[in-house]
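Here the numbering used here is used: position 177 in the sequence shown is 864, and no number is missing along the way.
Ideal Cβ positions, reconstructed from N, Cα and C, are used throughout, including at glycine.
Note that the structure is predicted; figures quoted are calculated from it, not measured.
Notes follow the structure.
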Amino acid sequence: MSRFDQDLVLPPSLSDYAASRERTIEAYRSALKTLALADQEFQRIYSHGLPRNSYPRDSLEETIRAIDRRLWHQAFDITGFGQLMDRQARKDFERTLEQNPPAFTVENVRSIFLSTAQDADEMFNRGLVNVFRRLSRSHRTNTNNAFKINRRAIIEGMVRPSWGGGLEVRIGWPSDELNDIDRVIKTLDRQPHHRRALETAVNGALKKREVYEDAYYQIKGFANSNMHILFKRQDLLDQANRIIHDYYEGSALAKNGTSSAA
């Protein structure tokens, strides 16, 4: 079953955002015109006009791009599509927004989210495979074959000494990795994922040299920088393993035209 209804119904708030964007930009243009008039008036008594810092630092075009970036970020979170993105997909998304964000109009919103909805399951499944492939020691030397994940995982280089005592999750790829694991697990359970929430909670325990535990994980940090994770929900691991199996079977079919088990 798809995680998204293919008959996509966008939240009404996104249409409101698009309309508000137009009003915001128009009001900003009007403010710039008013500022220009103020400059002209002041030049009548002072030849250099208004102080330089009276003007916005960015151009109107860059301001509009910044507005669009913020709206696309918020829209992906509201629709839940952002939760399906793995680390690489999110980096690609960020790169697209940074270079040339599309205008946040109703037409663009519908077009982009319809396309995303059609690819949602494939995007999530690919991300899940990538997340758990990095956890699988037996899979490091062969990325073309399926693998199975177990309840216990040891991840090297995940923690470091904390300035306040105890340990903490390393900033950078280790914190991204933990966030990605939690994103996949919560999505499999059809629960909302809050970015960095698990990292924050784990740090609270590690700094007191305690074991972190909730309904999904038991997590221990060690002085040798390793992190041990026990996945407590076997049903979610079963789901993940079925996705991994189907992902590689599908890849074999696409490549060879026949099942690898045939």
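Suppose you measure from the CA of residue i to the CA of residue j; what does that come to, to the nearest Å?
i: LEU815; j: SER741; result: 50 Å
i: VAL793; j: SER700; result: 11 Å
i: LEU885; j: GLN905; result: 11 Å
i: ASN837; j: ARG797; result: 40 Å
i: HIS826; j: ALA804; result: Note on HIS826: pLDDT 47, under 50, position unreliable in the model; no value is reported.
i: GLY859; j: TYR733; result: 52 Å
i: HIS881; j: ARG870; result: 8 Å
i: GLU709; j: ALA723; result: 21 Å
i: GLU749; j: TYR934; result: 41 Å
i: ARG929; j: PHE768; result: 22 Å
Could you please give the first and the last residue of the uninterrupted beta strand (DSSP E) stretch that includes residue i?
i: PHE834; result: Note, PHE834: premise wrong, no beta strand (DSSP E); not H, not E.
i: GLN905; result: 904–908
i: ARG855; result: The sequence shown places Glu at residue 855, not Arg. Segment 854–856, the beta strand (DSSP E) holding GLU855.
i: ALA790; result: First-last for ALA790: undefined, no H or E at that position.
If you count every other CB in all the chains shown that lies within 10 Å of the CB of residue i, and 16 or more means buried, which is it?
i: LEU801; result: exposed
i: ILE773; result: It should be noted that the sequence gives Asp, not Ile, for residue 773. Buried: at least 16 other Cβ atoms inside 10 Å.
i: GLN909; result: In the sequence on display, residue 909 carries Phe and not Gln. Under this definition PHE909 is an exposed residue.
i: GLN786; result: exposed
i: LYS907; result: buried
i: GLN770; result: buried
i: ARG777; result: buried
i: ASP755; result: buried
i: LEU758; result: buried
i: ILE841; result: exposed
i: ALA762; result: buried
i: THR766; result: buried
i: ALA718; result: exposed
Start and end of the alpha helix (DSSP H) containing residue i?
i: ARG777; result: 774–786
i: TYR704; result: 699–730
i: MET914; result: MET914 -> not in any alpha helix (DSSP H); beta strand (DSSP E) instead, spanning 914–918.
Looking only at its own chain, which residues have a Cβ that is under 8 Å from the Cβ of residue i, when we skip the five neighbours before and after it?
i: ALA888; result: TYR899 and ASP901
i: ALA753; result: ASP745
Can you give me the Cβ contacts of residue i inside the same chain, cut-off strictly under 7 Å, excluding the 5 residues immediately before and after it?
i: LEU737; result: ALA725, ASP726 and PHE729
i: GLU855; result: VAL846, ARG847, SER849, ASN890, LEU893 and LYS894
i: HIS932; result: ALA833
Using a Cβ-Cβ cutoff of less than 6 Å, which residues in the same chain neighbour residue i once the five nearest sequence positions on both sides are dropped?
i: GLN921; result: none
i: PHE811; result: LEU771
For the ligand SAH, any of its heavy atoms closer than 7 Å to the Cβ of residue i?
i: THR721; result: You won't find the ligand SAH in this model; it holds no ligand whatsoever.
Are the stretch 870–877 and the stretch 890–898 touching, with three or more C-beta to C-beta distances below 8 Å? no
Contact between the stretch 832–843 and the stretch 851–858: three or more CB pairs below 8 Å? no
Sufficient close CB pairs (3 or more, under 8 Å) joining the stretch 914–929 to the stretch 861–872: yes
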